[in-house]
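Enquirer: Quick note, the sequences are listed as chains F, Z, V and D, same order. Okay, so the first sequence: first residue is 3 according to the working numbering, each after it adds one. Okay, so the second sequence: first residue is 3 according to the working numbering, each after it adds one. Okay, so the third sequence: first residue is 3 according to the working numbering, each after it adds one. Okay, so the fourth sequence: first residue is 3 according to the working numbering, each after it adds one. Don't be surprised by glycine CBs; every beta carbon is placed ideally from N, CA and C. Below: one structure in structure tokens.
4 protein chains.
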Amino acid sequence: MSRPADPHAKIDLLRAAESVFVEHGLDNARVEDITGRAGKSKGAFYLHFGSKEDAFRQIVETLIARMASCLDDTPPLVDGVGTQGAVELLAAWRERDVEIFEFVWQNRGVMRLLLEGGKSAAFGYLIDEFAERSRVHTMRTLAWGVREGIFRADLDVELASLVLSGAYDRVARDMVKRQRKPDLTKMFEQMQRTLMYGLASPAIREITDPLVKNPRSRRSR
Amino acid sequence: MSRPADPHAKIDLLRAAESVFVEHGLDNARVEDITGRAGKSKGAFYLHFGSKEDAFRQIVETLIARMASCLDDTPPLVDGVGTQGAVELLAAWRERDVEIFEFVWQNRGVMRLLLEGGKSAAFGYLIDEFAERSRVHTMRTLAWGVREGIFRADLDVELASLVLSGAYDRVARDMVKRQRKPDLTKMFEQMQRTLMYGLASPAIREITDPLVKNPRSRRSR
Amino acid sequence: MSRPADPHAKIDLLRAAESVFVEHGLDNARVEDITGRAGKSKGAFYLHFGSKEDAFRQIVETLIARMASCLDDTPPLVDGVGTQGAVELLAAWRERDVEIFEFVWQNRGVMRLLLEGGKSAAFGYLIDEFAERSRVHTMRTLAWGVREGIFRADLDVELASLVLSGAYDRVARDMVKRQRKPDLTKMFEQMQRTLMYGLASPAIREITDPLVKNPRSRRSR
Amino acid sequence: MSRPADPHAKIDLLRAAESVFVEHGLDNARVEDITGRAGKSKGAFYLHFGSKEDAFRQIVETLIARMASCLDDTPPLVDGVGTQGAVELLAAWRERDVEIFEFVWQNRGVMRLLLEGGKSAAFGYLIDEFAERSRVHTMRTLAWGVREGIFRADLDVELASLVLSGAYDRVARDMVKRQRKPDLTKMFEQMQRTLMYGLASPAIREITDPLVKNPRSRRSR
DNA sequence: TATGAATGAGCGTTCATTCAT
DNA sequence: CATGAATGAACGCTCATTCAT
């Protein structure tokens with residue numbers, strides 16, 4: 003009966019809000035910029051969001067949720083894998099990293115916003131939570147790897163998880179600002195090579211070392 | 003232009019501004035909060051700073067400058083060191099890391115502010131610059147290490163520098179929020195052990211591995 | 003112009019508007035509150051009323067009109083009644099007062115709104131008009147009473163009408179806020195006794211005094 | 003040292019606010035109207051008042067306080083006066099009434115605002131409180147008068163106080179809208195004559211009645 | 001020079017009213 | 001006719017900056 007709700011309205015507003023927030027941060031974003039960019043009225047904004055902060059929260063929470071489900075899609079850490087499948091495991095991890103960073107690239111706008119804590123004082127906790135979440139995810143994997151004999155038994159998983167997730171975090175921060183997407187596959191091969199050594203157990207290194215010591219042998223044809 | 007009469011005033015204002023910025027971020031800090039905390043008048047503030055942003059810039063630039071000089075105090079990378087002094091070198095690096103993070107701890111307030119981009123959109127470039135600066139510093143060291151045969155010849159110094167400085171960055175972000183200072187010496191020993199493996203050249207690892215593999219010596223073989 | 007299809011709609015809206023206006027006053031009432039309470043759409047509201055103010059005016063005007071017809075139901079002031087029927091007259095007036103205040107009680111919500119000028123600046127004239135109307139009514143009766151020799155010949159009818167209608171006004175304002183309806187019959191007996199003395203002519207007082215002085219008869223003389 | 007505060011600023015703003023509030027009521031008054039009328043900036047307003055409501059409250063509370071002290075200046079109700087001094091007492095009351103209404107006339111702007119509940123929903127309690135306060139004052143006097151034998155023993159002081167304060171209230175409401183100040187002395191003589199009869203005890207009426215019945219006798223000389 | 005009162009642009013939010021369906 | 005999404009003018013309040021003293 004009534005004028006049907008523009009089904010694009012909220013989406014348009016969210017997209018506009020996203021870009022304005024990315025550009026100016028939460029505090030310096032003007033609602034009028036958002037509505038202007040969306041081609042909507044100021045009233046329309048408040049039809050869909052309770053406040054500027056609310057819109058911001060929706061955007062970031064959506065991202066975090068999608069990011070979380072991205073992390074959770076990780077192949078489960080089944081016990082008893084042992085060291086045999088290590089090479090395959092490493093390959094699987096690389097693949098998952100590529101996937102996640104593909105996602106990061108796709109959402110590099112908001113991702114950057116998130117990594118910068120919304121450029122506001124009020125939502126700093128968001129990035130902290132997000133950082134902690136990914137650190138814990140990393141730590142869980144590391145602890146499992148230690149139990150499975152894949153990682154060094156004396157690994158300080160607490161610190162290592164910080165180092166690892168910090169490394170990924172920075173790579174993400176770097177990528178998010180680029181104009182062109184880097185070659186993710188190559189990147190994570192390098193990264194694994196760079197980081198694995200410090201983490202791998204001696205047994206695993208018996209296997210992986212040759213690959214690293216003579217990288218050309220992999221390419222020999 | 004003329005030298006302000008009360009040199010104490012500016013210092014008081016800077017200290018107050020620092021604490022207010024740390025608490026509320028650039029955008030949400032009110033000049034009145036700053037002057038109130040400093041026990042100065044608003045006029046005095048504008049006598050010393052052109053604007054709120056200006057005060058912020060001065061604070062952060064000072065920090066960055068001090069941080070930079072902290073990094074530059076690093077023992078120079080003299081060519082021709084070779085692999086003999088590797089153990090000493092690693093120890094020296096650890097020591098320098100401890101020093102730098104001691105500094106970070108001392109300045110954890112502003113440091114945290116810096117790491118959060120001032121909680122504002124306008125100064126995101128500051129932290130980017132800072133991150134880039136420390137990455138370049140790392141990269142220079144890595145490149146030197148590769149030339150000296152300390153690090154793997156096939157190391158992707160670009161990526162490795164990202165990973166390394168990211169790891170340090172995250173450790174810093176973590177520390178900056180703590181109530182109690184962690185045991186830095188122990189921390190960087192662990193960190194070196196965690197990271198070095200991925201970076202070290204085979205030749206170096208002949209030397210460093212035993213140090214790391216010690217734990218294995220406790221195992222039967 | 004054309005007859006609205008759903009005659010119920012307007013009634014529902016008026017009832018809802020009434021309760022919302024009573025609760026929040028004209029200015030603080032939101033059209034959406036009214037339509038929500040009526041279970042109608044905002045469009046429907048503007049189908050029946052030109053504006054929020056219009057709805058308000060309709061409600062208050064209706065009340066005033068009904069109030070006026072209530073007053074006009076008063077037995078006409080036929081000249082030549084003389085002082086004989088004074089007692090009956092007083093009883094009739096009391097009865098009419100009870101009736102009017104019964105009406106006030108029934109409509110205490112809007113009545114209160116009216117007595118508060120709609121809690122808005124725009125309709126203050128409404129209550130003024132209403133007050134003036136009831137004062138004039140009172141004054142007419144007083145003038146008639148003076149002519150008939152029922153009230154003191156030297157009565158300042160202008161002032162007395164103000165005093166009288168003010169007294170009634172305040173009693174109404176008081177009642178309108180009560181939870182329970184007071185005993186109106188008893189109330190107006192008291193009121194008459196309180197006010198009549200000051201108004202009555204000596205001749206009338208010869209008659210009415212004994213009625214009032216009864217209590218004294220219980221005292222020794 | 004600093005620019006000295008304009009000592010007139012707050013007063014100017016209060017005067018302007020008063021007139022704007024009187025004209026438009028609390029809700030429809032625009033802060034900009036007030037500041038414009040006062041020749042001050044919007045900021046200046048918030049330098050002196052926390053909010054529009056705050057300014058309103060200050061104005062009304064000040065009035066109520068002054069009004070209250072006006073009422074309290076009433077000669078105390080000393081017991082044991084008896085009926086001898088009745089005439090003098092009545093004269094004293096008239097005098098006090100004149101004084102109070104002189105005050106009302108002086109402050110007819112805000113007074114009118116107060117009597118209209120600020121033309122807002124939020125401050126209706128103000129007028130209620132004020133009305134109740136003056137009713138209680140009246141009631142206290144009536145009760146005292148009954149004890150002293152000045153008023154009828156069977157007086158319903160509760161209702162009579164309502165009637166009396168209502169009468170005064172309406173007279174005030176009427177005066178407050180006039181262009182010219184009425185002759186207060188004459189007015190309260192009339193009012194006393196109108197109301198006293200209904201209240202006075204028989205004993206008192208022995209004294210006062212002659213004055214009323216033959217008003218000319220007082221003027222005969 | 002130092003002060004803090006004064007300024008006013010700027011922005012978030014509300015809500016009466018309109019109008020496409 | 002009915003609906004309720006869309007509009008945008010309006011307004012309260014904040015706070016960086018200025019400037020009279």
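At what residues does the alpha helix (DSSP H) containing F/P184 begin and finish?
Expert: Here F/P184 belongs to no alpha helix (DSSP H), and DSSP marks it neither H nor E.
Enquirer: Taking the alpha-carbon positions, what's the F/G151 to F/F125 distance?
Expert: In a straight line, the C-alpha of F/G151 is about 40 angstroms away from that of F/F125.
Enquirer: Taking only beta-carbon atoms, is V/Q108 less than 8 angstroms away from chain D?
Expert: By this cut-off, V/Q108 is not an interface position.
Enquirer: Given that a residue counts as buried once 16 or more other Cβ atoms are within 10 Å of its Cβ, and exposed if not, what is F/D185?
Expert: When all chains shown are included, F/D185 counts as exposed.
Enquirer: Closer than 7 angstroms by beta-carbon distance: list the chain D residues that pair up with V/H26, in chain order.
Expert: Going along chain D in sequence order, the residues near V/H26 (Cβ under 7 angstroms) are A123.
Enquirer: Is there a Cβ from chain Z that is less than 8 angstroms from the Cβ of F/T196?
Expert: Yes, contact with chain Z.
Enquirer: Measuring only between beta-carbons, confirm whether D/V173 sits less than 8 angstroms from chain V.
Expert: Yes, D/V173 lies at the interface with chain V (some Cβ there is under 8 angstroms from its Cβ).
Enquirer: CB-CB under 7 angstroms to V/R220, same chain, minus the five flanking residues each way: which ones, in chain order?
Expert: Model confidence at V/R220 stands at a pLDDT of 38, short of 50, so the residue's coordinates are unreliable and nothing is read from them.
Enquirer: Output the residue ranges of the alpha helix (DSSP H) runs that lie fully inside the stretch 90-127 of chain F and measure 4 residues or longer, sorted by chain position.
Expert: Whole alpha helix (DSSP H) segments, 4+ residues: 110-117.
Enquirer: Do F/A46 and F/A11 have their C-beta atoms within less than 8 angstroms of each other?
Expert: Yes, Cβ-Cβ distance for F/A46 and F/A11 is below 8 angstroms.
Enquirer: Between the stretch 68-77 of chain V and the stretch 98-118 of chain V, do at least 3 Cβ pairs fall closer than 8 angstroms?
Expert: Contact holds: three or more Cβ-Cβ distances are below 8 angstroms.
Enquirer: For F/R110, collect the residues of the same chain with a Cβ closer than 6 angstroms to its Cβ; drop the 5 residues on either side in sequence, then sort them by chain order.
Expert: Cβ neighbours of F/R110 beyond the five flanking positions: V178.
Enquirer: Compare the C-beta of D/A225 against all C-beta atoms of chain V and say whether one is closer than 8 angstroms.
Expert: Residue 225 of chain D falls outside the range modelled here, since chain D spans only 3 to 223, and no answer is possible.
Enquirer: First and last residue of the alpha helix (DSSP H) that includes V/K12?
Expert: V/K12 -> alpha helix (DSSP H) spans P9 to N30.
Enquirer: Where D/S167 and D/V24 are concerned, what is the direct C-alpha to C-alpha distance, given to the nearest angstrom?
Expert: So the two alpha carbons sit approximately 23 angstroms from each other.
Enquirer: Looking at chain V, is there any beta carbon in it that lies within less than 8 angstroms of the beta carbon of D/M2?
Expert: Residue 2 of chain D is absent from the structure shown; chain D starts at 3 and stops at 223.
Enquirer: Can you list, in chain order, the residues of its chain with a C-beta nearer than 7 angstroms to that of Z/D171? Leave out the 5 residues immediately preceding and following it.
Expert: Cβ within range, chain order: A133.
Enquirer: Do the CB positions of V/H50 and V/L15 come within less than 8 angstroms of each other?
Expert: For V/H50 and V/L15, yes; Cβs fall inside 8 angstroms.
Enquirer: Quick one, are the C-beta atoms of V/M2 and D/V165 less than 8 angstroms apart?
Expert: No answer is possible for residue 2 of chain V: it lies beyond the span of chain V, which begins at 3 and ends at 223.
Enquirer: For chain F, find out if any of its Cβ atoms is closer than 8 angstroms to the Cβ of Z/M141; answer yes or no.
Expert: Answer no: the Cβ-Cβ gap between Z/M141 and chain F never drops below 8 angstroms.
Enquirer: Compare the C-beta of F/L161 against all C-beta atoms of chain Z and say whether one is closer than 8 angstroms.
Expert: Judged by the 8 angstroms Cβ criterion, F/L161 is in contact with chain Z.
Enquirer: For F/M193, return the contacting residues in chain Z, with the cut-off set at a CB-CB distance below 7 angstroms.
Expert: In chain order: L161 and V165.
Enquirer: With 16 other CB atoms within 10 Å as the buried threshold, where does Z/T187 fall?
Expert: Z/T187 comes out exposed.
Enquirer: Express the C-alpha separation of V/N30 and D/I13 in angstroms, rounding to a whole number.
Expert: Their backbone Cα atoms lie some 29 angstroms apart in a straight line.
Enquirer: Please classify D/K44 as buried or exposed, where buried requires at least 16 neighbouring CB atoms within 10 angstroms.
Expert: So D/K44 counts as exposed.
Enquirer: Should Z/D8 be flagged as near chain F, meaning a C-beta pair shorter than 8 angstroms?
Expert: No, no contact with chain F.
Enquirer: Would you call the CB atoms of D/T196 and V/L161 closer than 8 angstroms?
Expert: Cβ atoms of D/T196 and V/L161: closer than 8 angstroms.
Enquirer: In angstroms, rounded to a whole number, what distance separates the CA positions of Z/V112 and D/R5?
Expert: Distance between the alpha carbons of Z/V112 and D/R5: 35 angstroms.
Enquirer: Please classify F/K42: does DSSP put it in a helix, a strand, or coil?
Expert: Coil at F/K42, not helix or strand.
Enquirer: What do you reckon, are the CB atoms on D/A174 and D/F103 nearer than 8 angstroms?
Expert: In contact: D/A174 and D/F103 (Cβ atoms closer than 8 angstroms).
Enquirer: Between V/K42, V/T140, V/A155 and V/L65, which lies nearest to V/D8 when the distance is taken from Cα to Cα?
Expert: Residue V/K42 is the option with its Cα nearest to V/D8.
Enquirer: For Z/R17, which residues from the same chain have a beta carbon less than 8 angstroms from its beta carbon, with the 5 sequence-adjacent residues on both sides left out?
Expert: The residues are A40.
Enquirer: So, F/V62 versus F/L128, is the Cβ gap smaller than 8 angstroms?
Expert: Their beta carbons are under 8 angstroms apart, which means F/V62 touches F/L128 by this criterion.
Enquirer: Please go through the same chain and pick out, in chain order, the residues whose beta-carbon is closer than 6 angstroms to the beta-carbon of D/K54, but skip the five residues on each side of it.
Expert: Only V33 meet the Cβ criterion.
Enquirer: Output, in chain order, the set of chain V residues within a Cβ distance shorter than 8 angstroms of D/E101.
Expert: Neighbours of D/E101 on chain V: none; closest Cβ ~19 angstroms, over 8 angstroms.
Enquirer: For my contact list, Z/S136 and Z/L73 are in at a C-beta cut-off of 8 angstroms; report their separation, rounded to the angstrom.
Expert: Confirmed, about 7 angstroms.
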